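These notes are about the structure you will find just below.
Numbering (the working numbering), first residue to last: 2 to 211.
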């Protein structure tokens, strides 16, 4: 059975001494791990998160197209394979045919386009939007709720990302937890992902992943 992850903010521990010694302490109780962090996020929408410890929470229940393994290599996450064009400007991703969100819906190319595009909408406060605006075709000219021109849905499980010019490090940019994939038109009050754990409780004091 997967362990329950309970990430707890104890609001009554507010002295500086406690903050230094307790905030990051981990408690293990059989199948439960409780981790105290300095502050819980008010949202888990990737484009609205600004702090590293909150980005790390996303990786518990969401996935990126690709990720970095322990040896520093780029490996599959939601994408099972990818090809880079000879000119280095087009990356084609094939999404795992079995990938599903926690509500049972299949993860598709449109979800990827939505998840990346929301970072560059005029209303977005994303702290990583410039990574996309600088490198993706059309990412610097996106209207609200529209998708980036440089992200093409080839099929439900295949998409292409078009770069303004070759930029090999862009693959590493896509592994950032800020670029996790969520369903199109996600419910911000009941956010889901496709990762190994899902949220079962979210309050001002704690989040429990199962």
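Here a beta-carbon is modelled for each residue, glycine too, at the ideal position from N, C-alpha and C.
Just so we're clear, the structure is a prediction, and the values are computed from it rather than from any experiment.
Who are the near neighbours of residue i in its chain, counting only those whose CB is closer than 7 Å to its CB and skipping five residues on each side?
i	result
residue 174	132
May I ask you to report which of helix, strand or coil DSSP gives residue i?
i	result
residue 186	coil
residue 45	coil
residue 158	coil
residue 94	strand
residue 164	strand
residue 80	strand
residue 38	coil
residue 125	coil
residue 107	strand
residue 193	coil
residue 50	coil
Residue range of the beta strand (DSSP E) that residue i falls in?
i	result
residue 76	75–77
residue 201	200–203
residue 134	It is not in any beta strand (DSSP E) - residue 134 instead sits in the alpha helix (DSSP H) that spans 130–136.
residue 208	207–210
Excluding the 5 residues preceding and the 5 following residue i in the sequence, name in chain order all residues of the same chain whose CB lies nearer than 8 Å to its CB.
i	result
residue 42	50, 52, 55 and 58
residue 167	88, 89 and 90
Would you give the residue range spanned by the alpha helix (DSSP H) that residue i belongs to?
i	result
residue 61	53–62
What does a CB cutoff of less than 6 Å around residue i pick up in its chain, not counting 5 residues either side in sequence?
i	result
residue 94	66, 80, 83 and 160
For the 8 Å Cβ check, are there 3 or more pairs between the segment 156–172 and the segment 134–148?
-> These segments touch.
Between the segment 153–164 and the segment 46–65, do at least 3 Cβ pairs fall closer than 8 Å?
-> no
Would you say the segment 66–86 touches the segment 141–151, given that touching needs at least three Cβ pairs under 8 Å?
-> no
Are at least three pairs of beta-carbons, each pair with one atom in the segment 109–116 and one in the segment 179–192, less than 8 Å apart?
-> yes
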